[in-house]
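Numbering (the working numbering), first residue to last: 5 to 257.
Written out as structure tokens, the structure reads:
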């Protein structure tokens with residue numbers, strides 16, 4: 005009898021988990037869509053914001069316009085909603101994973117009598133661990149792709165440079181490099197290397213350990229889930245790009 009009621013309870017938990025899974029999924033899609041559209045609209049209004057700032061310098065009384073609700077509320081939404089919305093989407097993703105996975109596992113435990121009972125807190129920790137692992141895997145993949153791309157560029161450049169040729173005239177030989185003026189990956193690489201070091205606030209003479217330490221420090225500081233400033237996401241992307249570029253292979257070059 006006890007086993008029967010345990011199964012009933014398991015099916016109830018499964019139904020609740022399924023409902024919350026759909027609910028959280030719908031809310032995440034809705035808010036992600038609204039945040040994206042608000043950001044697009046805000047970009048269209050950047051020239052207007054620039055004009056307003058100019059008018060404020062010319063005529064400070066322009067500031068009185070912002071006391072009108074029909075102007076203040078839309079501007080506040082355009083400025084604040086993307087920042088709050090992004091944080092809310094991250095919050096929903098966190099709770100979707102923790103709550104739904106917890107309930108699914110509990111329902112399996114009661115219905116099939118397999119698995120172990122885990123605390124709810126362990127699912128929250130698991131979410132952040134998996135998220136960090138996924139981000140690290142994505143970074144490593146991009147880093148490998150970037151290394152392969154740079155290797156191909158360098159190989160192509162040196163192959164073209166060497167094929168500039170040596171031309172024989174009579175009994176003598178002269179080097180004729182034909183004034184090779186194509187794309188120079190060395191110059192581009194050097195520029196990107198300096199920019200990446202500057203992004204991670206590092207000197208040019210570095211090693212991989214310094215890169216990882218600087219990345220962890222800055223990634224934590226500018227992670228969009230932790231830093232709610234408007235430029236946090238862009239800065240975080242720049243930090244990721246710099247970290248991916250400053251691989252041991254590129255440092256050795």
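Glycine is no exception: its CB is placed at the ideal position from the N, C-alpha and C atoms.
Note that the structure is a prediction, hence the values are computed from the model and not measured.
- Excluding five sequence positions before and after residue 106, the CB atoms of its chain that fall closer than 6 Å to its own CB belong to 124 and 127, given in chain order.
- Just so you know, the alpha carbons of residue 150 and residue 86 end up roughly 31 Å apart.
- Across the structure, residue 84 and residue 249 are spaced so that their CA atoms are roughly 33 Å apart.
- For the 9 Å CB-CB criterion, residue 208 and residue 216 do not form a contact.
- Ranked by Cα distance from residue 94, the options 140, 36, 7 and 14 are led by 36.
- With a contact defined as Cβ atoms closer than 8 Å, residue 11 and residue 114 qualify at about 6 Å.
- Taking the Cα positions, residue 81 is about 10 Å away from residue 89.
- With 16 or more other Cβ atoms from the protein chains shown falling within 10 Å of its own Cβ, residue 201 counts as buried.
- The C-alpha of residue 240 lies about 17 Å from the C-alpha of residue 137.
- Runs of the alpha helix (DSSP H) spanning 4 or more residues and lying entirely within the segment 188-252 occur at 189-203, 212-226 and 236-249, in chain order.
- In terms of Cα proximity to residue 14, the closest of 130, 116 and 254 is 116.
- Scanning its chain for C-beta atoms nearer than 8 Å, with the 5 sequence neighbours on each side dropped, one finds around residue 204 the residues 215, 218, 219, 222, 243, 246, 247 and 250, in chain order.
- Counting C-beta atoms within 10 angstroms of its own C-beta, residue 55 has fewer than 16 neighbours from the protein chains shown and is therefore classed as exposed.
- The beta carbons of residue 237 and residue 230 sit about 12 Å from each other, so the pair does not count as a contact at 8 Å.
- Put simply, of 9, 62 and 253 the residue whose alpha carbon is nearest the alpha carbon of residue 158 is 253.
- Looking from the CA of residue 111, the closest CA among 29, 22 and 213 belongs to 22.
- Sixteen is the threshold: since fewer than 16 other Cβ atoms of the shown chains lie within 10 Å of the Cβ of residue 132, the residue is exposed.
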